[in-house]
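To start, the structure itself, in C-alpha coordinates.
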Amino acid sequence: MASLNVGNLGEYLREQRRAAQLSLRQLADAAGVSNPYLSQIERGLRKPSADVLQQVAKALRISAETLYVRAGILDEREREELETRAVILADPSINERQKNVLLQIYDSFRRENGFVPEAEAEADADVGADVGAAADADADMGVDTGADAGADARKDHDPHS
(Lines of atoms letter the chains of each structure in order from A and count residues from 1; the text may use other names and numbers.)
(Lines give C-alpha, C1' and ligand atoms only; values in the text may rest on other atoms or scores of the structure.)
Protein backbone atom coordinates (compact mmCIF):
# COMPACT_ATOMS: atom_id res chain seq x y z
CA MET A 1 0.00 0.00 0.00
CA ALA A 2 1.37 3.44 -0.92
CA SER A 3 1.56 6.21 1.66
CA LEU A 4 -1.17 8.85 1.38
CA ASN A 5 -0.49 12.55 1.62
CA VAL A 6 -1.97 13.21 5.06
CA GLY A 7 0.74 15.57 6.22
CA ASN A 8 2.54 14.38 9.28
CA LEU A 9 -0.64 13.14 10.93
CA GLY A 10 0.62 9.59 11.50
CA GLU A 11 3.89 10.71 13.07
CA TYR A 12 2.08 13.23 15.22
CA LEU A 13 -0.44 10.64 16.42
CA ARG A 14 2.37 8.24 17.27
CA GLU A 15 4.16 10.96 19.26
CA GLN A 16 0.98 11.88 21.12
CA ARG A 17 0.19 8.23 21.86
CA ARG A 18 3.67 7.63 23.22
CA ALA A 19 3.57 10.85 25.27
CA ALA A 20 0.29 9.59 26.78
CA GLN A 21 2.07 6.28 27.48
CA LEU A 22 -0.54 4.29 25.59
CA SER A 23 0.04 1.23 23.46
CA LEU A 24 -1.44 1.12 19.99
CA ARG A 25 -4.02 -1.38 21.24
CA GLN A 26 -4.95 0.78 24.26
CA LEU A 27 -5.50 3.85 22.09
CA ALA A 28 -7.47 1.86 19.52
CA ASP A 29 -9.74 0.52 22.28
CA ALA A 30 -10.21 3.97 23.84
CA ALA A 31 -10.99 5.54 20.46
CA GLY A 32 -13.30 2.74 19.35
CA VAL A 33 -11.31 1.83 16.24
CA SER A 34 -9.50 -1.36 15.31
CA ASN A 35 -5.86 -1.85 16.17
CA PRO A 36 -4.84 -2.53 12.52
CA TYR A 37 -6.73 0.56 11.30
CA LEU A 38 -5.01 2.82 13.85
CA SER A 39 -1.66 1.30 12.89
CA GLN A 40 -2.35 2.11 9.23
CA ILE A 41 -3.21 5.70 10.15
CA GLU A 42 0.04 6.06 12.09
CA ARG A 43 2.01 4.70 9.13
CA GLY A 44 0.27 7.06 6.70
CA LEU A 45 -1.54 4.29 4.83
CA ARG A 46 -5.07 5.42 5.69
CA LYS A 47 -6.72 8.81 5.82
CA PRO A 48 -9.19 8.78 8.71
CA SER A 49 -12.52 10.59 8.67
CA ALA A 50 -13.15 13.63 10.85
CA ASP A 51 -15.25 11.41 13.15
CA VAL A 52 -12.39 8.97 13.69
CA LEU A 53 -9.99 11.85 14.30
CA GLN A 54 -12.39 13.26 16.86
CA GLN A 55 -12.57 9.90 18.67
CA VAL A 56 -8.78 9.58 18.66
CA ALA A 57 -8.35 13.17 19.88
CA LYS A 58 -10.79 12.53 22.72
CA ALA A 59 -8.95 9.37 23.71
CA LEU A 60 -5.63 11.26 23.67
CA ARG A 61 -7.18 14.30 25.38
CA ILE A 62 -5.96 16.66 22.67
CA SER A 63 -7.69 19.12 20.34
CA ALA A 64 -9.57 17.49 17.46
CA GLU A 65 -8.96 20.66 15.46
CA THR A 66 -5.21 20.07 15.70
CA LEU A 67 -5.68 16.64 14.14
CA TYR A 68 -7.94 18.11 11.45
CA VAL A 69 -5.18 20.55 10.50
CA ARG A 70 -2.59 17.75 10.41
CA ALA A 71 -4.90 15.66 8.21
CA GLY A 72 -5.55 18.56 5.84
CA ILE A 73 -9.26 18.74 6.71
CA LEU A 74 -8.98 22.18 8.28
CA ASP A 75 -6.49 24.94 7.70
CA GLU A 76 -4.53 26.50 10.57
CA ARG A 77 -6.40 29.82 10.51
CA GLU A 78 -9.75 28.01 10.67
CA ARG A 79 -8.52 26.01 13.69
CA GLU A 80 -7.41 29.17 15.47
CA GLU A 81 -10.76 30.81 14.73
CA LEU A 82 -12.69 27.80 16.07
CA GLU A 83 -10.60 27.70 19.24
CA THR A 84 -11.06 31.44 19.79
CA ARG A 85 -14.81 31.10 19.34
CA ALA A 86 -14.93 28.10 21.70
CA VAL A 87 -13.11 30.04 24.44
CA ILE A 88 -15.51 32.97 24.11
CA LEU A 89 -18.58 30.72 24.15
CA ALA A 90 -17.30 28.76 27.16
CA ASP A 91 -16.57 31.81 29.33
CA PRO A 92 -18.97 31.69 32.29
CA SER A 93 -18.21 35.28 33.32
CA ILE A 94 -20.12 36.85 30.40
CA ASN A 95 -23.74 36.40 29.38
CA GLU A 96 -25.05 35.14 26.04
CA ARG A 97 -25.74 38.60 24.62
CA GLN A 98 -22.22 39.72 25.52
CA LYS A 99 -20.78 36.59 23.91
CA ASN A 100 -22.72 37.32 20.71
CA VAL A 101 -21.54 40.93 20.64
CA LEU A 102 -17.95 39.85 21.25
CA LEU A 103 -18.15 37.30 18.41
CA GLN A 104 -19.58 39.96 16.10
CA ILE A 105 -16.71 42.30 16.94
CA TYR A 106 -14.24 39.44 16.38
CA ASP A 107 -15.82 38.71 12.97
CA SER A 108 -15.67 42.40 12.09
CA PHE A 109 -11.94 42.58 12.86
CA ARG A 110 -11.28 39.38 10.90
CA ARG A 111 -13.10 40.83 7.87
CA GLU A 112 -11.17 44.09 8.21
CA ASN A 113 -7.93 42.08 8.16
CA GLY A 114 -9.05 39.96 5.19
CA PHE A 115 -9.54 36.62 6.96
CA VAL A 116 -13.22 36.00 6.19
CA PRO A 117 -14.55 34.81 2.82
CA GLU A 118 -16.38 37.50 0.84
CA ALA A 119 -19.76 35.75 0.97
CA GLU A 120 -19.58 35.68 4.75
CA ALA A 121 -18.48 39.33 4.87
CA GLU A 122 -21.48 40.36 2.75
CA ALA A 123 -23.87 38.40 4.94
CA ASP A 124 -22.57 40.15 8.06
CA ALA A 125 -22.26 43.67 6.62
CA ASP A 126 -24.51 45.07 9.34
CA VAL A 127 -22.33 43.93 12.27
CA GLY A 128 -21.25 47.51 12.99
CA ALA A 129 -24.84 48.60 13.45
CA ASP A 130 -25.57 45.63 15.72
CA VAL A 131 -22.49 46.31 17.85
CA GLY A 132 -23.42 50.00 18.12
CA ALA A 133 -26.95 49.10 19.15
CA ALA A 134 -25.65 46.67 21.77
CA ALA A 135 -23.27 49.32 23.15
CA ASP A 136 -26.19 51.79 23.31
CA ALA A 137 -28.28 49.18 25.15
CA ASP A 138 -25.43 48.65 27.62
CA ALA A 139 -25.15 52.41 28.15
CA ASP A 140 -28.89 52.57 28.80
CA MET A 141 -28.46 49.87 31.45
CA GLY A 142 -25.53 51.73 33.04
CA VAL A 143 -22.88 49.36 31.67
CA ASP A 144 -19.73 51.07 30.38
CA THR A 145 -18.54 48.98 27.43
CA GLY A 146 -15.82 51.44 26.57
CA ALA A 147 -17.69 52.50 23.41
CA ASP A 148 -18.67 55.81 25.01
CA ALA A 149 -15.70 56.13 27.37
CA GLY A 150 -14.11 58.96 25.38
CA ALA A 151 -17.35 60.96 25.34
CA ASP A 152 -17.84 60.35 29.07
CA ALA A 153 -14.29 61.49 29.82
CA ARG A 154 -14.75 64.68 27.75
CA LYS A 155 -18.04 65.44 29.48
CA ASP A 156 -16.46 64.96 32.94
CA HIS A 157 -13.66 67.41 32.13
CA ASP A 158 -15.69 70.00 30.19
CA PRO A 159 -16.42 72.96 32.48
CA HIS A 160 -19.28 74.03 30.17
CA SER A 161 -21.35 70.85 30.60
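Residue numbers (the working numbering): 4 to 164. Glycine included, every Cβ here is placed at the ideal spot set by N, Cα and C. All figures in this text were calculated on a predicted structure; none of them were measured in a lab.
Item                                                                                                                                                              : Value
Can you tell me whether residue 90 is buried or exposed, with buried defined as 16 or more other CB within 10 angstroms of its CB?                                : exposed
Between which residues of its own chain and residue 61 is the CB-CB distance below 7 Å, once the five residues before and five after are set aside?               : none
Under a three-way DSSP split, which group does residue 100 fall into?                                                                                             : helix
Have a look at the DSSP bridge pairing and note the partners of residue 116.                                                                                      : DSSP, once it has assigned bridges, lists no residue as partnering residue 116.
Short of 6 Å in beta carbon distance, which residues of its chain neighbour residue 63, apart from the five on each side in sequence? Order them along the chain. : 19 and 23
Nearest-angstrom Cα distance between residue 27 and residue 81?                                                                                                   : 30 Å
How far does the alpha helix (DSSP H) with residue 13 in it extend, from its first residue to its last?                                                           : 12-22
So, helix, strand or coil for residue 50, using DSSP?                                                                                                             : coil
Between residue 48 and residue 74, is the Cβ-Cβ spacing less than 8 Å?                                                                                            : no
Can you list, in chain order, the residues of its chain whose CB lies under 6 Å from that of residue 17, leaving out five sequence neighbours each side?          : 45
What distance in whole Å lies between the Cβ atoms of residue 68 and residue 77, which are believed to be in contact at a cut-off of 8 Å?                         : 6 Å
Under 7 Å Cβ to Cβ from residue 15, same chain only, skipping five residues before and after it: list those, please.                                              : 73
Below 8 Å on the Cβ atoms is my guess for residue 1 versus residue 58; work out the distance and round it to an integer in Å.                                     : The question about residue 1 has no answer, for the chain in this structure spans 4 to 164.
Go to residue 39, then tell me how far its alpha helix (DSSP H) extends in each direction, as first and last residue.                                             : 38-45
Shortest alpha-carbon distance to residue 102 belongs to which of 92, 110 and 111?                                                                                : 92
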